[in-house]
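Shown next, in structure tokens, is the structure this report addresses.
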Amino acid sequence: MFNDHLRHGMVLGTPGCEVVTMWRPPGSVHDHAPLTPPALVRFVGMLGTAVLRAERADRMIGRNLPKGEQQFYLRMAGVRPDRQGRGLGGLAIRAGLSEADAAALPAVLETATESNVGLYRALGFEVIRDWHVARNGPRFWTMTRPVLIK
Numbered sequence: 001m002f003n004d005h006l007r008h009g010m011v012l013g014t015p016g017c018e019v020v021t022m023w024r025p026p027g028s029v030h031d032h033a034p035l036t037p038p039a040l041v042r043f044v045g046m047l048g049t050a051v052l053r054a055e056r057a058d059r060m061i062g063r064n065l066p067k068g069e070q071q072f073y074l075r076m077a078g079v080r081p082d083r084q085g086r087g088l089g090g091l092a093i094r095a096g097l098s099e100a101d102a103a104a105l106p107a108v109l110e111t112a113t114e115s116n117v118g119l120y121r122a123l124g125f126e127v128i129r130d131w132h133v134a135r136n137g138p139r140f141w142t143m144t145r146p147v148l149i150k
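Numbering-wise, the sequence shown is residues 1 to 150 according to the UniProt record's numbering.
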């Protein structure tokens, strides 16, 4: 996934990888790398039988993102556990939001972590969808942030 983002997206973070965000810029929001046999083998190696659940979640995420390509999509954000709570995640996300603002485009994300909803709201995002992968599957929140005019 990281290599795919290097080719088609934008990776922002700190030099020591304490925090990393992976963004899809306009034109690649709904793109996915093809699931080739070598990629499938790697995913099965990482996820085992959960690979089918992961694939289903990925399809549902795509269905719940706003349609169209004229937006920046925060696909992933992560902070090393020993660096959490220091504002690094917010800094990296704001760097991506600056790119969205410079392009005069909204930003979108989804999270499966309820405690992150407040963090994203503090960054200007609002929930547009609250959904489950399956009847008893994980809960997700799709959020969007409008263009901030400076």
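Ideal Cβ placement from N, Cα and C applies to all residues, glycine included.
### Message
Quick check on DSSP: helix, strand or coil for Arg56?
### Response
If DSSP states are grouped into helix, strand and coil, Arg56 belongs with the helices.
#### Entry: Residues that DSSP places opposite Asp82 in a beta bridge
DSSP output for Asp82 lists no bridge partner at all.
### Task
Tell me where the beta strand (DSSP E) around Glu126 begins and ends.
First-last of the beta strand (DSSP E) with Glu126: 126-132.
### Query
Is it true that the region 65-83 meets the region 34-44, where meeting means three or more beta-carbon pairs spaced less than 8 angstroms apart?
Cβ pair count under 8 angstroms is below three, so no.
### Task
Can you tell me the Cβ-Cβ gap for Thr113 and Glu126, rounded? I've got them flagged as a contact below 8 angstroms.
In this structure Thr113 is not in contact with Glu126, their Cβ atoms being roughly 17 angstroms apart against a cut-off of 8 angstroms.
### Query
Around the C-beta of Gly9, are 16 or more other C-beta atoms found within 10 angstroms, so that it is buried, or is it exposed?
Gly9 counts as buried, since at least 16 other C-beta atoms from the protein chains shown sit within 10 angstroms of its C-beta.
#### Entry: Rounded separation between Cys17 and Thr111 - CA only
C-alpha of Cys17 to C-alpha of Thr111: approximately 21 angstroms in a straight line.
### Message
I need the straight-line Cα distance from Asp101 to Ile61, nearest angstrom please.
### Response
The alpha-carbon atoms of Asp101 and Ile61 are separated by roughly 24 angstroms.
#### Entry: From Ser98, Val117, Trp131, residue whose alpha carbon lies closest to that of Leu12
Checked all of Ser98, Val117, Trp131; the closest Cα to Leu12 is Ser98.
### Query
From Ile149 to Gly96, what distance separates their C-alpha atoms?
Within the model, the alpha-carbon separation for Ile149 versus Gly96 is close to 15 angstroms.
### Task
Just the C-alpha distance for Ala54 and Val44, rounded to the nearest angstrom, thanks.
For Ala54 and Val44, the gap between their C-alpha atoms comes out near 10 angstroms.
### Task
Just the C-alpha distance for Gln71 and Val133, rounded to the nearest angstrom, thanks.
Their Cα atoms are separated by approximately 23 angstroms.
### Message
For Leu123 and Gly90, I'd like the C-alpha separation in whole angstroms.
### Response
Rounded to whole angstroms, Leu123 to Gly90 spans 8 angstroms at the Cα level.
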